[in-house]
Amino acid sequence: MSSLGHQLATSVLVIGAGEEGLRAAIEVAEARVAVMVVARCPGESRQTGGHGNRPEQRGHDGPTPRRFAHHEYGGSAILGEDTGTAARRALRERAKRLGVPVLSGVHVTRLLVDHGTVFGAYGFDLADGVRYLVHADSVILANGGHTRIWRRTSARRHENTGDAFRLAVEAGARLRSPELVRFHPFGLIGPENAAGVLLSDAARGEGGILLNNLGERFMTRYDAERMELVGRDRVALASHTEIREGRGTRGGGVWLDLSHLPRETVLTRLPQLHQSLLRLQMLDITHDPVEVAPTAQSSLGGVWVRPEDHGTDVNGLYAVGEAAGGLHGGDRSAELSPVEPLLRSRIAGRAAAEYSAELVAQHRSPAAVRAAETDVDRLLAADGHQDVRALLRTVRHLMTECAGVVRDESGLAAGLAGLHEIEELMRDIAVHIDIGGFQDLVHAYDLRSAVLAARATLECARERRETRGCHNRSDYPDVDPVLSVDLVWSPTTGVRHEPVPSGPGRQVR
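See below:
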């Protein structure tokens, strides 16, 4: 097999085919600028029940509202059976009509950079290992955050591995607030193929309650007024506390119970949730509770970007979605989550298209391409004693134990020490290519990404000695006004404090 199989060229390259990536690509295409999308595989959300109502259950005057305790009025207006699914379908159809090419099954290993300016990306085909060199004037990272580095996560196996963080950092960008990670309180524990799938917030919005293994409605201890309707972060913290103190289920979770609700309410207001659990667990939620646990859901931190155009420290490089950091502070609005990333992707797509159109000279560096080739060759030749998948599992276990829902100084220090040991073992990995394809090579890059993301997270979490939003420090339970800053990380400078930039919705909450 030759070291380089395909050379392609485009004006704007989008890495990631999820909602944010497609929306950015659509914006570029509508500006009549050449665009290409590259992805390991198309992205979809892992959530059961959507927001719980089908089109025929809408109110007479429009979408059905659902109210949570922090809303003065109905907080979530939902149209159709699943707002997220409808949005993905519309984006795919629009991208197809615009003729946006999507190259699936290709893993990007490195961004190509010359003198601080990106000029494309390098990767390989997951099935046959054929290499790809894509020249591009600008690149948009839309390949997710880093929630896959925790043991219990809503991300699928190929998602949110920290790839965007690694690609950006190796290109010369920095990370902002990687310690800010949201844990959703309602992630399924089993079966294995459904572990981490999220139950919709509609379950608690309609009156679902949480019980521990003693049958107690434990939220009375944490927020007796708002109970299960308090913010997700507080519910996740309460569930974590019950589990840690020995009042969790045998499987390491708590019970979400809707059996007290009228059966008709569940069937009409939560039909998808009801059907999903029948399919996944053969469980009827009108009769029995479902076992759930806090689950890493979304990265609120990510690649450092400018709020006005989502540009990074690297000329021509942009980041959107969970790949981008610093847009939410410590608390992301769940109600705006279906819309807000699409708006920001539109901004980034427009900026990347304009950058490409105005470029007067195209950067190229044969040395950068050779370095990318050599990096893949070196890993393919790795024949050590350490299994990359086993090391990945070790990273996930370490992050769960040392930097999960609740952190403290001793745990974070232990996490950093353990991560150092993993980094040493990585020098002796083995990569095996077999009839199943090049998955072991993918895992080797995933390991590199996971370790970088874990180090950034641990170092920033240790520096943020306070409790703010989704970041819980048991040894520093209060907000520290001095830390109303962004923590910006790079492997060369470590953690630095930066003022929060101005921009729509920008604050460290």
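For the sequence shown, the working numbering gives the first residue as 9, with consecutive numbering after it.
All C-beta atoms in this analysis are idealised placements derived from N, C-alpha and C, irrespective of residue type, glycine included.
Measure how close the beta-carbons of residue i and residue j come, nearest whole angstrom, since I'm counting them as under 8 angstroms.
| i | j | result |
| --- | --- | --- |
| TYR326 | ALA369 | About 19 angstroms; that fails the 8 angstroms criterion. |
| GLU236 | ILE217 | 6 angstroms |
| ALA464 | PHE194 | Going by Cβ atoms, the distance from ALA464 to PHE194 rounds to 27 angstroms, so no, they are not a contact pair. |
| ARG156 | GLY113 | That pair is no contact at about 19 angstroms. |
| ILE293 | LEU275 | Actually they are not in contact, since the Cβ atoms of ILE293 and LEU275 sit about 10 angstroms apart, beyond 8 angstroms. |
| VAL41 | ALA361 | 4 angstroms |
| GLU474 | ASP486 | 7 angstroms |
| GLY334 | GLY477 | Actually they do not touch by this definition, with Cβ atoms about 13 angstroms apart. |
| VAL490 | GLU506 | With a Cβ gap of about 13 angstroms, VAL490 and GLU506 do not count as contacting. |
| ALA244 | HIS192 | 7 angstroms |
Say the cut is 8 angstroms; is the CB of residue i nearer than that to a heavy atom of the ligand SAM?
| i | result |
| --- | --- |
| THR93 | Among the components modelled here there is no ligand, and therefore nothing to report on the ligand SAM. |
Start and end of the alpha helix (DSSP H) containing residue i?
| i | result |
| --- | --- |
| PHE173 | 171–179 |
| SER112 | No alpha helix (DSSP H) holds SER112; the beta strand (DSSP E) holding it covers 110–112. |
| LEU460 | 447–471 |
| PRO374 | 374–388 |
| ALA47 | ALA47 -> not in any alpha helix (DSSP H); beta strand (DSSP E) instead, spanning 43–47. |
| ALA244 | 240–252 |
| VAL20 | Here VAL20 belongs to no alpha helix (DSSP H); instead the beta strand (DSSP E) covers 14–23. |
Cβ of residue i within 9 angstroms of Cβ of residue j?
| i | j | result |
| --- | --- | --- |
| VAL20 | SER353 | no |
| LEU183 | VAL496 | yes |
| VAL328 | ALA32 | yes |
| ALA452 | LEU367 | no |
| ILE34 | ARG102 | yes |
| ASP171 | ALA376 | no |
| GLN289 | PRO199 | yes |
| HIS115 | PHE132 | yes |
| ALA203 | ARG160 | yes |
| GLU28 | ALA176 | no |
| GLY213 | PRO302 | no |
| LEU16 | LEU111 | yes |
| LEU196 | GLU316 | no |
| LEU406 | LEU427 | yes |
| GLY419 | ALA462 | no |
| THR273 | GLY215 | yes |
Note the first and the last residue of the continuous beta strand (DSSP E) segment covering residue i.
| i | result |
| --- | --- |
| GLY195 | 189–196 |
| THR475 | THR475 -> no beta strand (DSSP E), and no H or E assigned at all. |
| ILE157 | First-last for ILE157: undefined, no H or E at that position. |
| THR125 | 125–133 |
| TYR363 | TYR363 -> not in any beta strand (DSSP E); alpha helix (DSSP H) instead, spanning 348–366. |
| ARG139 | 139–149 |
| PRO302 | 298–307 |
| GLU417 | Unbroken run through GLU417 is the alpha helix (DSSP H), 417–433; no beta strand (DSSP E). |
| LEU222 | No beta strand (DSSP E) contains LEU222, which DSSP labels as neither H nor E. |
| HIS505 | 502–506 |
Report all residues from its chain with a CB closer than 7 angstroms to the CB of residue i; omit the five preceding and five following residues, and keep chain order.
| i | result |
| --- | --- |
| ALA181 | VAL311, TRP312, THR320, ASP321, VAL322 and LEU325 |
| GLU187 | GLY309, THR465, CYS468, ALA469, ARG472, HIS479 and LEU495 |
| GLY256 | ASN220, ASN221, GLU250 and VAL262 |
| HIS440 | ASP448 |
| VAL43 | THR18, SER19, VAL20, VAL22, ALA33, VAL36, ALA37 and VAL108 |
CA-CA distance, residue i and residue j?
| i | j | result |
| --- | --- | --- |
| GLU80 | VAL238 | Only weak support exists for where GLU80 lies, its pLDDT of 41 falling under 50; the value from the coordinates is given anyway. Answer to the nearest angstrom: the Cα atoms are 13 angstroms apart. |
| ALA179 | THR125 | 9 angstroms |
| HIS318 | ALA379 | 27 angstroms |
| MET434 | SER498 | 20 angstroms |
| GLN521 | THR117 | Coverage of the chain is limited to positions 9 through 517, which leaves residue 521 absent and any answer about it impossible. |
| TYR140 | ALA458 | 23 angstroms |
| TYR518 | VAL450 | Nothing can be reported for residue 518, as the shown portion of the chain is limited to 9 through 517. |
| ILE443 | LEU134 | 12 angstroms |
| GLY137 | GLY26 | 23 angstroms |
| GLU64 | ARG277 | Low confidence applies to GLU64: its pLDDT is 31, below 50, so where it sits in the model is not reliable, and the reading given next is rough at best. Between GLU64 and ARG277, the C-alpha separation is close to 11 angstroms. |
| THR408 | LEU400 | 12 angstroms |
| THR18 | ARG404 | 37 angstroms |
| VAL189 | PHE446 | 30 angstroms |
| THR501 | ASP296 | 52 angstroms |
| LEU143 | VAL46 | Note on residue identity: the sequence assigns His, not Leu, to residue 143. C-alpha separation (whole angstroms): 12 angstroms. |
| PHE76 | ILE437 | Below a pLDDT of 50, predicted positions are generally treated as unreliable, and PHE76, at 46, falls in that range; the measurement from the model is reported next regardless. Straight-line Cα distance between these residues: approximately 49 angstroms. |
| PRO109 | LEU30 | 11 angstroms |
| ASP241 | ALA304 | 11 angstroms |
| GLU432 | ALA425 | 11 angstroms |
| THR169 | VAL414 | 21 angstroms |
| LEU119 | SER208 | 36 angstroms |
| THR93 | SER306 | 18 angstroms |
| VAL508 | GLY392 | 45 angstroms |
| ALA421 | SER185 | 18 angstroms |
With a cut-off of 9 angstroms, does the C-beta of residue i fall near any C-beta of chain D?
| i | result |
| --- | --- |
| ARG255 | Going by chain labels, chain D is absent from the structure shown, which holds only one protein chain. |
Only counting the same chain, and skipping five residues up and downstream in sequence, which positions put a Cβ closer than 6 angstroms to that of residue i?
| i | result |
| --- | --- |
| ASN106 | Residue identity differs from the one stated: residue 106 is Leu in this sequence, not Asn. Answer for LEU106: ALA37, listed in chain order. |
| GLY67 | No answer about GLY67 holds up, because its pLDDT of 39 lies below 50 and its placement is not dependable. |
| GLU417 | ASP483 |
| GLY259 | ILE197 and GLU299 |
| SER247 | PRO193, VAL262 and PRO302 |
| ALA39 | ALA361 |
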